[in-house]
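In the working numbering, the protein residues as written are 1 to 306.
Laid out in structure tokens, this is it:
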């Protein structure tokens with residue numbers, strides 16, 4: 001695609017800061033994995049005083065989703081979440097620049113048989129994903145097992161957008177704009193695998209519904225998974241990557257395919273999708289992207305939760 005070729009205008013001074021960031025990611029990626037983890041945690045902790053709005057958002061999200069936690073427990077989770085956010089920055093460089101053997105050496109796999117069965121049956125597969133802080137490494141690890149398509153949101157900075165696309169294409173077939181639904185359907189009809197994460201609040205639009213998410217009754221949720229699953233011979237498999245403790249690497253988890261899905265009820269389908277995402281989050285809630293205002297869109301007449 002011409003859109004993702006290096007262009008002469010990328011050397012404009014307005015992009016120099018972006019280029020410095022890319023260079024820094026590359027240089028840091030040369031360090032040992034354990035060192036990158038320590039640096040990431042340190043960066044995350046040091047960023048807290050400079051990211052008060054994000055701290056509040058993460059704290060509020062965790063309060064809403066886990067109302068039984070004490071304020072002290074919530075604060076502890078938020079601080080851990082910032083540490084994992086710092087790690088995610090260095091993981092971006094790892095995912096983009098590491099050779100395949102180095103990624104494989106850190107990733108163990110659970111539940112691969114669910115995906116292999118779908119492939120043997122020539123099914124199209126929707127990878128039900130979520131916005132974990134391991135997203136970049138997760139895409140690289142899954143691509144090493146089976147190159148697939150992924151849905152993404154373009155970055156407003158052209159240089160960063162180029163590198164996000166290039167980095168995520170290291171092992172995969174194509175990155176599809178989140179609005180390009182026709183290409184998603186075409187990929188599934190051709191028996192391909194497609195990664196799709198419906199857990200961000202993009203505001204009210206025709207493809208979103210309100211469905212429960214943890215303790216929040218009405219969470220604005222993209223309903224695209226239900227629509228994609230209507231493609232003939234398509235199955236939905238939840239998948240995510242979680243960091244293991246003590247610098248032991250990662251576990252790429254494939255869950256069992258959703259049964260009797262989709263139904264004729266869009267809200268019911270979206271509720272089931274949110275339940276699956278909840279189960280993934282509960283395995284490593286400190287690694288979820290709590291800094292996003294997940295519940296910013298409210299039903300008519302309901303006050304803001306932030």
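The C-beta atom is built at its ideal place from N, Cα and C for all residues, glycine as well. Please read these numbers as outputs of a predicted model, since none were measured by experiment.
Judged by beta-carbon spacing, residue 171 lies within the 8 Å limit of residue 143, meaning their Cβ atoms are closer than that value. Taken in chain order, the complete beta strand (DSSP E) segments of 3 or more residues contained in the stretch 87 to 124 are 107 to 110.
Judged by their CB atoms, residue 150 and residue 178 are not nearer to each other than the 8 Å cut-off. Here DSSP, grouped into helix, strand and coil, assigns residue 166 to helix. By the 16-neighbour rule on beta-carbons within 10 angstroms, residue 117 is exposed. Annotation: the continuous beta strand (DSSP E) that includes residue 152 extends over 149 to 152.
Bridge pairing for residue 280: absent [DSSP].
Residue environment for residue 265: exposed (fewer than 16 other C-beta atoms within 10 angstroms of its C-beta).
Ranked by Cα distance from residue 16, the options 157, 250, 237, 49 are led by 157. Counting only residues of its own chain and dropping the five nearest sequence neighbours on each side, residue 134 has a CB closer than 8 Å to the CB of 88, 91, 240, 241, 242, 243, 250, 287.
Between residue 77 and residue 285, the gap from beta carbon to beta carbon is short of 8 Å. The C-alpha of residue 46 lies about 25 Å from the C-alpha of residue 281. Shown here, residue 289 sits in coil according to DSSP, grouped into three states, outside any helix or strand.
With a contact defined as Cβ atoms closer than 8 Å, residue 185 and residue 231 qualify at about 6 Å. Under the 10 Å beta carbon count, residue 196 is surrounded by 16 or more other beta carbons and is classified as buried. Between the C-alpha atoms of residue 257 and residue 59 there is a straight-line separation of about 32 Å. The residue from 228, 233, 201 with its alpha-carbon nearest to that of residue 293 is 201.
By the beta-carbon neighbour count (other beta carbons within 10 angstroms, threshold 16), residue 35 is exposed. By the CB criterion at 8 Å, residue 297 and residue 220 fall inside the cutoff. Beta-carbon to beta-carbon, residue 84 and residue 44 are separated by about 7 Å, close enough to satisfy the 8 Å threshold. In the DSSP secondary-structure assignment, residue 208 is bridged to 222. The continuous alpha helix (DSSP H) containing residue 145 extends over residues 135 to 145.
As DSSP reads the structure, residue 177 sits in a beta bridge with 152. With respect to residue 147, residue 173 sits close: the two C-beta atoms are nearer than 8 Å. For residue 271, the closest alpha carbon among the candidates 55, 198, 71 is that of 198.
Counting along the chain, residue 258 sits inside no beta strand (DSSP E), nor does DSSP assign it H or E at all.
Looking from the CA of residue 8, the closest CA among 217, 162, 262, 226 belongs to 162. Secondary structure at residue 171: coil, using DSSP grouped into helix, strand and coil. Following the DSSP letters along the chain, one finds residue 254 inside the beta strand (DSSP E) bounded by residues 250 to 254. Here DSSP, grouped into helix, strand and coil, assigns residue 31 to coil.
Between the alpha carbons of residue 145 and residue 62 lies a gap of roughly 33 Å. Rounded to the nearest whole angstrom, the C-alpha separation of residue 303 and residue 295 is 11 Å.
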